[in-house]
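A short write-up of the structure that comes next.
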Amino acid sequence: MPSVPGDPASKLLCERVTTLRQKHRFTLEQLAAASGVSRSMLSQIERGRANPTLAVTYRIAQAFGITIGELVDDPNASAVIERIRGDDPGMRFRGDEECSIRTLSPLHQEKAVEFYEIILQPGARLASGAHYEGTRELFTVAGGSAEVRAGSDRCPLLAGDTAHYRADVDHSIVNSSAEPLRGYLVVTYSG
1083 MPSVPGDPAS KLLCERVTTL RQKHRFTLEQ LAAASGVSRS MLSQIERGRA NPTLAVTYRI
1143 AQAFGITIGE LVDDPNASAV IERIRGDDPG MRFRGDEECS IRTLSPLHQE KAVEFYEIIL
1203 QPGARLASGA HYEGTRELFT VAGGSAEVRA GSDRCPLLAG DTAHYRADVD HSIVNSSAEP
1263 LRGYLVVTYS G
């Protein structure tokens, strides 16, 4: 790769765009269509011949489904131990009267696996349409009880129980008990 003008952050950005594009199996044309950034500009960024504006960097990050911070973060420079604080509001995926979902996976981590803490109030339900083909979920009840539904199947769960089910069909986690349900959800993508 030719030397990149400017500081090490510019070099990191051009390497990250190339790496992420290849990981997502995007051609330059596909990334251009997804981001609204021209193919020639993307090519110049990847070759270290251009320093994109903040707006261009933002559009590229959006095309990959990540934040600008995740795009410019060096994944190889992370500490040996990474902590996700329980009170970090940035990790709260959803929080309302019925349901609280907290992301437990590092946000910059490859999304082949996602890990969540789920709290459902009595009578609440977390429903989801079908995810990508091959997606599976594993839900473990830490407190309370639940019913997991996937397609036409139903499975009651008590504290300590775990269900592993297809998530490429309509599915839901239901708390039909009189006490809050607390559990952990792992989502895996195979394709």
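If you use my numbering, the sequence shown corresponds to residues 1083 to 1273, in order.
For glycine and all other residues, C-beta sits at the position ideal for the given N, C-alpha and C.
Hey, out of 1259, 1166, 1209, whose CA is closest to residue 1233's CA?
1209
Determine the extent of the alpha helix (DSSP H) in which residue 1147 is found, giving its start and end residues.
Segment: none, residue 1147 is in no alpha helix (DSSP H) and carries neither H nor E.
Once DSSP output is grouped into helix, strand and coil, what is the label at residue 1131?
coil
Could you compute how far the alpha carbon of residue 1199 sits from the alpha carbon of residue 1264?
7 angstroms
Just the C-alpha distance for residue 1108 and residue 1173, rounded to the nearest angstrom, thanks.
28 angstroms
Thinking just about the alpha-carbon of each residue, which of 1268, 1141, 1253 is nearest to the one in residue 1244?
1268
Residue 1118 versus residue 1104: straight-line alpha-carbon distance, rounded
18 angstroms
N-terminal and C-terminal residue of the beta strand (DSSP E) that residue 1240 is part of:
1235-1240
Mapping DSSP to helix, strand and coil, what is residue 1201?
strand
Taking residue 1194 as the reference, which of 1241, 1212, 1272, 1132 has the closest Cα?
1272
Assumed close pair residue 1153, residue 1143 - CB separation to whole angstroms, cut-off 8 angstroms
4 angstroms
Given a cut-off of 9 angstroms, decide if residue 1163 and residue 1188 are closer than it, judged by their beta-carbon atoms.
no
If residue 1206 and residue 1237 are in contact, beta carbons under 8 angstroms, what's the gap, nearest whole angstrom?
With 8 angstroms as the limit, residue 1206 and residue 1237 do not qualify as a contact, their Cβ atoms being about 18 angstroms apart.
Cα-Cα, which of 1129, 1141, 1096 is closest to residue 1116?
1141
In angstroms, rounded to a whole number, what distance separates the CA positions of residue 1224 and residue 1259?
14 angstroms
With DSSP as the reference, identify every bridge partner of residue 1182, one or two as the case may be.
1177, 1201
If you draw a straight line from the alpha carbon of residue 1242 to that of residue 1218, how long is it in whole angstroms?
19 angstroms
Residue 1171 classed as buried or exposed, judged by whether at least 16 other C-beta atoms fall within 10 angstroms
exposed
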